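Structure, as structure tokens:
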Amino acid sequence: MKFEYDKEADAAYIYLEDSIADGESKKTIELNDNIIVDFDKNGKLLGIEILSASKVLNQKSLLKTQSL
Numbered sequence: 000m001k002f003e004y005d006k007e008a009d010a011a012y013i014y015l016e017d018s019i020a021d022g023e024s025k026k027t028i029e030l031n032d033n034i035i036v037d038f039d040k041n042g043k044l045l046g047i048e049i050l051s052a053s054k055v056l057n058q059k060s061l062l063k064t065q066s067l
């Protein structure tokens with residue numbers, strides 16, 4: 000699992016695999032205005048995108064990911 004945060008976009012992405020190859024995500028579902036999930040062709044969850052991440056995630060965790 001890997002976690003990335005883009006401060007400029009205020010978006011976080013939780014990869015359930017180390018990476019997602021181009022075209023691997025075949026289905027995207029918007030659960031609400033801030034949570035988007037990506038699935039592969041077999042319905043396996045690949046990752047979770049969190050928009051407005053600074054409003055819902057721990058600030059220490061976000062700052063830590065930026066220094067990695």
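Residues in the sequence shown are numbered consecutively from 0, following numbering that gives the first Met the number 0. Don't be surprised by glycine CBs; every beta carbon is placed ideally from N, CA and C. Remember, it's a predicted structure, so these values are computed and weren't measured experimentally.
The DSSP-derived three-state label of Leu30 is coil. By the C-beta criterion, the stretch 49–58 is judged not to be in contact with the stretch 18–25, since fewer than 3 inter-stretch pairs fall below 8 Å.
Taking each of Gly46, Asn57 and Lys40 in turn and checking the Cα distance to Glu29, the smallest one comes out for Gly46. Annotation for Leu44: Leu15, Val36 and Phe38 place their beta carbon closer than 7 Å to its own, counting only its chain and skipping 5 residues before and after. Closest option to Asn41, judged by alpha-carbon separation, among Lys6, Lys26 and Asn33: Lys26. DSSP, reduced to helix, strand and coil, places Lys54 within a helical segment of the structure shown. The alpha-carbon of Leu61 is positioned some 11 Å away from that of Tyr12.
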